[in-house]
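Read through the structure below, which is laid out as structure tokens, and then see the notes.
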Amino acid sequence: MAVAFKLLASARPLRECQRHKVLHSLLGPLVTNHISKMYSSYRRPGISPDDTPVWKKIDFSTEKAVNGVKKHFKLLKSEIAEHVTSYDGQPLHVHLWEETRVVWKFHSQKDLDKWIASSDIEIGGKSEAYLKLGKNNQSALFYGTLNTEVPRDGETKYSGYCGFKAKPRLGVFNRKKYYDWTNFNSLHLRVRGDGRPWMINIFTDPYFSHQKDDMYHYFMFTRGGPYWEEITIPFSKFFLCSQGRVQDRQFPLWLDKIHTIGFTLGDQAHGPFQLEIDFIGLLMDSAHTEEFAYEQYERNTKF
42 MAVAFKLLAS ARPLRECQRH KVLHSLLGPL VTNHISKMYS SYRRPGISPD
92 DTPVWKKIDF STEKAVNGVK KHFKLLKSEI AEHVTSYDGQ PLHVHLWEET
142 RVVWKFHSQK DLDKWIASSD IEIGGKSEAY LKLGKNNQSA LFYGTLNTEV
192 PRDGETKYSG YCGFKAKPRL GVFNRKKYYD WTNFNSLHLR VRGDGRPWMI
242 NIFTDPYFSH QKDDMYHYFM FTRGGPYWEE ITIPFSKFFL CSQGRVQDRQ
292 FPLWLDKIHT IGFTLGDQAH GPFQLEIDFI GLLMDSAHTE EFAYEQYERN
342 TKF
């Protein structure tokens, strides 16, 4: 009997999580964005869980509902027109023959608002990270100070990271939209760093719910100095990780389900840093024929 009660207690958060997701999908235009935090599994170490009832976190507003409905129907109209006349935002003839494409550029505050910066301050760390437009509004400058001091909460063992990533695209009625990069085989960037190594993170759409923490990584080594450098990284070089751990069984990157991209600094070198990015784009390198750079082991299914 005691075991049964424990199983029911452990299943209760899952049922509440699913119920909150259903509410969010149905009442999206009627409530604020705070509802998305109700089914978040993250809790800062040393902080007691939030036991506030769900109904107290929902802020109903008729004005927001009307504006939300207008916004999403306007998006629906534009998406239908885009689907009929183009593919992935590009004219069909351009999509079939293009060999390069700039996905992210940084020429205005509107371009910069598509990105979000973060650091270990979220877990009680002391690193600082900022994102702003570069000189003459022609680039994005990510800068700050990396601090490796571990928070004294009794739970956290490691600290010292900063990063920024692009906000995921949302379609009509907050539906997820993905990037389709199947026409390309390399990531192409123009950057100006300070000599530190950066990790590039590519998030894809998980096929199963237990794969929600999976992402692909590869390292970008900057040389420092006042000059720009162009970096090309084949997608075949990206390796699969889950919760920061490299997986034994590797799979190629799903280029038709790209969710977003990000950059992380965690080289454990205490001090200031900066990374300036001109653009982030895609390249079809006809000289690169490698499909996947890592061995794929066959599983022994006899036992």
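Each residue of the sequence shown is one higher than the last, beginning at 42 in our numbering.
The beta-carbon is built from N, C-alpha and C at its ideal position, and this holds for glycine as well.
Original post:
Straight-line CA distance for Lys98 to Asp92?
Top reply: Cα to Cα, the separation comes out at about 11 angstroms.
Original post:
Going by the C-beta, is Phe249 closer than 7 angstroms to any heavy atom of the ligand ZN?
Top reply: Summarising the ligand content, the structure contains no ligands, and the ligand ZN is consequently not present.
Original post:
How about Thr301 and Pro238: do their beta carbons lie closer than 8 angstroms?
Top reply: no
Subject >> At least 3 beta-carbon pairs within less than 8 angstroms: the segment 212-220 vs the segment 291-307 >> reply: yes
Original post:
Which two residues bound the contiguous alpha helix (DSSP H) that contains Asp152?
Top reply: Gln150 to Leu153
Subject >> Trp269 - DSSP class collapsed to helix/strand/coil >> reply: coil
Original post:
For the beta strand (DSSP E) that contains Trp239, what are its first and last residues?
Top reply: Counting along the chain, the beta strand (DSSP E) containing Trp239 begins and ends at Pro238 to Thr245.
**OP:** May I have the straight-line CA-CA distance separating Ser81 from Asp254, to the nearest angstrom?
**Re:** Low per-residue confidence applies at Ser81: pLDDT is 42, beneath 50, and the placement is therefore not dependable enough to give any value.
Original post:
Leaving out the 5 sequence neighbours to the left and right, which residues in its chain are closer than 6 angstroms to Gln284 when beta-carbon positions are compared?
Top reply: Asp254
Original post:
In three-state DSSP terms, what is Ala328?
Top reply: coil
Subject >> Three-state secondary structure (DSSP) of Ser159 >> reply: The answer is strand: DSSP assigns Ser159 an E or B state.
**OP:** Work out the CA separation of Asp161 and Tyr199 for me, nearest whole Å.
**Re:** The alpha-carbon separation between Tyr199 and Asp161 amounts to approximately 10 angstroms.
**OP:** Measuring alpha carbon to alpha carbon, tell me which of Asn242, Glu196 and Arg231 ends up nearest Lys278.
**Re:** Taking only the C-alpha atoms, the option nearest Lys278 is Asn242.
Original post:
Does the Cβ of Asn188 have 16 or more other Cβ atoms within 10 Å, making it buried, or fewer, making it exposed?
Top reply: buried
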